[in-house]
Amino acid sequence: MKLVQLDIERLEPSSSNKSTYVLLLREIGGDRKLPIVIGPCNAGSIAIYLESNSNPERPLTHDIIKSISNNFNITISRVVIHTLTEGVFHASFFCFMDGDEEIEIDARTSDAIAIAIRMGCSIFTYNDILQEAGIILTDNLPNYKDEDTEELEETKDILSTLSLGQLKKQMKEAINDENYEKASELRDEINKRKEK
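First residue of the sequence shown: 27, per the numbering used here; consecutive thereafter.
Written as structure tokens, this is what we have:
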């Protein structure tokens, strides 16, 4: 079976379920996209790593896996999304230690991708999975908006009244509580102020 390399295109809130996110992977050298529905914890872990220029004060689970890999000379070579069963993707990551035999480790797809982006390794799927579950978008994926846009604007107004120190403190608390959506809003406000 032919492997197809993928790259992360974007991560968006799901339009059908506010507690899930859609991770959109794109085919490198092609037009197909692979949408994968993931939960908020892994979505936050992926988003913080993709969007942040700095690491969280305390490591997240996927950061710990990266540290273990680095400290014990374990190389993660690639992630493969290998199966689609009843709408659920299954993945493995492949690793080896000190040049030994390569080992395949089963993982949830969202965990495997969160590890892949931290380790800088490639993400693949099989062509038949991409044919079955892939989509072709002629336009950009629409931006999904919360129905509570007013609530979002109120949150931004409240954030604008806080000091930089208060923002940083609240961001650390949000990360420790694994509230990545709030942490990313706080990070955005901090970055906006640093640009001024």
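Cβ atoms here follow ideal geometry from the backbone N, Cα and C, with glycine treated the same way. What you are looking at is a predicted structure, and each value in this text was computed from that prediction instead of being measured.
With DSSP collapsed to three states, give me the class of residue i.
| i | result |
| --- | --- |
| Glu53 | strand |
| Met27 | coil |
| Leu163 | coil |
| Lys59 | strand |
| Thr151 | strand |
| Asp214 | helix |
| Leu37 | strand |
| Leu32 | strand |
| Ser45 | coil |
| Leu188 | coil |
| Asn205 | coil |
| Glu173 | Residue placement at Glu173 cannot be trusted, given a pLDDT of 41 that sits under 50; the coordinates are not used to answer. |
| Pro168 | Note that Pro168 scores a pLDDT of 44, beneath 50, so its modelled location is shaky; the value from the coordinates is reported in the next line. If DSSP states are grouped into helix, strand and coil, Pro168 belongs with coil. |
| Leu178 | Residue confidence for Leu178 is low, a pLDDT of 47 falling below 50, so the modelled location carries little weight and cannot support an answer. |
Answer with buried or exposed for residue i, where buried requires no fewer than 16 other C-beta atoms within 10 angstroms of its C-beta.
| i | result |
| --- | --- |
| Asp137 | buried |
| Ser45 | exposed |
| Ile129 | exposed |
| Pro82 | buried |
| Asn68 | buried |
| Glu177 | Because the pLDDT of Glu177 is 47, which lies under 50, any placement of that residue in the model is unreliable, and the question is left without a value. |
| Gly113 | exposed |
| Gly55 | exposed |
| Gln196 | buried |
| Met145 | buried |
| Leu193 | buried |
Do the CB positions of residue i and residue j come within less than 8 Å of each other?
| i | j | result |
| --- | --- | --- |
| Ser41 | Tyr47 | no |
| Asn153 | Val30 | yes |
| Ser103 | Phe115 | no |
| Leu163 | Leu60 | no |
| Phe150 | Leu51 | no |
| Glu53 | Leu110 | no |
| Ile131 | Ser148 | no |
| Ile64 | Leu49 | yes |
| Asn14 | Asp126 | In the structure as shown, the chain begins at 27 and stops at 222. Residue 14 is therefore absent and cannot be evaluated. |
| Ile19 | Leu76 | Past the edges of the chain, shown from 27 to 222, lies residue 19, and the structure says nothing about it. |
Q. Any contact of the segment 141-151 with the segment 89-102, i.e. 3+ C-beta pairs under 8 Å?
A. yes
| task | Scan the segment 63-137 and note each continuous beta strand (DSSP E) run of 3 residues or more that stays entirely inside, going in chain order. | result | 100-111, 114-123, 129-134
Contact between the segment 185-192 and the segment 203-222 is defined here as three or more beta-carbon pairs at a separation below 8 Å; is this criterion met? yes
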